[in-house]
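Numbering (our numbering), first residue to last: 1014 to 1137.
Ideal Cβ positions, reconstructed from N, Cα and C, are used throughout, including at glycine.
First the structure, in the form of structure tokens, and then the observations on it.
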Amino acid sequence: MSAERKKNVTQLQSTYMEKYKQQEQTIQAKRKGLFRRLIAFGILAAIISYGLISMVVSQHKTMNEKIAQKEELEEQLTSLKDEQVLLEEEIVKLNSDEYIEKIIRRDYFLSKEGEIIFKVGDGS
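Structure representation (structure tokens):
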């Protein structure tokens, strides 16, 4: 019986009801707009976050490459400094007549008068 009653009920057309419906429509429109703005803001935030994260990862990778390159160059610098020390020692030795004589005797088989030079193989 209550189902039959609901079918027979008609809505009254009053200004109060019209204002109420307009308010409901306005609230629904505001909710839709808010939801759309939140979605747009979320998408924008996701895009910016992705850009920032990719930039940080890229900088981290570049930093690691630079650190590896720096370590390699420091090792190269150390070896060059060692080589420089050896070459400076060689310069000092080359200023000595005795060292020059030693080199000449060893490389060119020159000798003083009365000296005999014997060349012995390396054994290999």
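For the pair residue 1107 and residue 1087, the Cα-to-Cα distance works out to about 30 Å. Beta-carbon to beta-carbon, residue 1124 and residue 1118 are separated by about 6 Å, close enough to satisfy the 8 Å threshold.
Sequence-distant partners of residue 1112 (beyond 5 residues in either direction) whose C-beta falls short of 8 Å from its own C-beta, in its chain, are 1106. Sequence-distant Cβ neighbours of residue 1026 in its own chain, meaning closer than 6 Å and more than five residues away, do not exist here. A direct Cα-to-Cα measurement between residue 1129 and residue 1103 gives close to 27 Å.
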